[in-house]
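In the working numbering, each residue carries its 1-based index in the sequence shown increased by 3.
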Amino acid sequence: MSNDTRQFGDLATQLVMESRRSTQTDSLLKYNDSLVRALIREQRDLEKAAEALEAGMDELQAYHSHRVERLRDLYWAVGGALPHILNNQDIRSKLSPHEVDYLRQYNSFVMEFRSEFSHELDITASITNPPKDLNVLVHVVKNCGVIQTELGSIDFQKGQRFMVRRADIEHLIVQGYLEEVS
């Protein structure tokens, strides 16, 4: 059998076959030093390959962990507004289909968690500048269309001002559609 077609484990199989022949002939065959050494070399090569594989897997995991962390940072930077991320072609073109699925699933979990506290707290709101009031006066900087709030629908058109519940529109402030009027 040539080395090109030999598979890992073939050398060990040869040693086992030799042991069987020894048993069948009821004799002690000569110690096969060259085969034992070749098997030990093969095992060392396999250990090196396994170590390289493990190192590669660690690097792959580090790469994906970094990307997931960046995706979460991006998600929270826009106040949890997933459509804002997914509709931005510059961002979308950099994402794999699996990352898009991850963001959708992450958003689903956040929204499910958020719904448990929606009356008391908006978990997607910025914590660096805590709100002073529950309601806020905002100026519409960019058209953002009809937004469903707790008190009903509001059509946010550029140039208009509204007094609204902060938790309902915080994400629009973060995204730059609305501006808080002092």
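Glycine included, each C-beta is placed from N, C-alpha and C at the ideal position.
First through last residue of the beta strand (DSSP E) which encompasses residue i
i: LEU181; result: 181 to 183
i: GLN151; result: 148 to 152
i: GLN141; result: Position check: residue 141 holds Val in this sequence, whereas Gln was assumed. VAL141 -> beta strand (DSSP E) spans 138 to 143.
i: SER30; result: Unbroken run through SER30: none, as it is neither H nor E.
i: GLY155; result: 155 to 159
Rounded separation between residue i and residue j - CA only
i: PHE11; j: GLU21; result: 17 Å
i: MET4; j: TYR78; result: In this prediction, MET4 scores a pLDDT of 48, lower than 50, which makes its location untrustworthy; no coordinate-derived value is stated.
i: LEU38; j: SER96; result: 55 Å
i: VAL103; j: ARG164; result: 35 Å
i: GLU57; j: ARG169; result: 49 Å
i: ASP61; j: GLU45; result: 24 Å
i: LEU18; j: ALA65; result: 41 Å
i: THR28; j: LEU63; result: 53 Å
i: GLY155; j: GLU54; result: 60 Å
i: GLY82; j: LYS145; result: 17 Å
i: ILE172; j: HIS67; result: 32 Å
i: THR16; j: ALA41; result: 12 Å
i: HIS87; j: ILE176; result: 13 Å
i: GLN92; j: TYR105; result: 17 Å
i: LEU14; j: GLY59; result: 28 Å
i: ASP48; j: ALA80; result: 48 Å
i: SER75; j: PRO100; result: Per the sequence shown, residue 75 should be read as Arg rather than Ser. Approximately 16 Å, taken between the alpha carbons.
i: SER118; j: LEU98; result: 28 Å
i: ARG9; j: ILE43; result: 15 Å
i: ASN90; j: THR152; result: 22 Å
Within 8 Å, strictly: CB atoms of residue i and residue j
i: LEU181; j: VAL141; result: yes
i: GLN178; j: ALA84; result: yes
i: LEU32; j: ARG24; result: yes
Continuous alpha helix (DSSP H) stretch holding residue i: start and end
i: ASN110; result: 100 to 118
i: GLY59; result: 36 to 80
i: VAL19; result: 13 to 27
i: ARG169; result: 169 to 178
i: GLN92; result: 92 to 95
Whole-angstrom C-beta distance between residue j and residue i, which should lie under 8 Å
i: MET114; j: ASN138; result: Not confirmed; about 23 Å, so no contact.
i: GLY162; j: VAL143; result: 6 Å
Legend entry - Any 3 or more C-beta pairs closer than 8 Å across the stretch 91 to 111 and the stretch 65 to 78: yes
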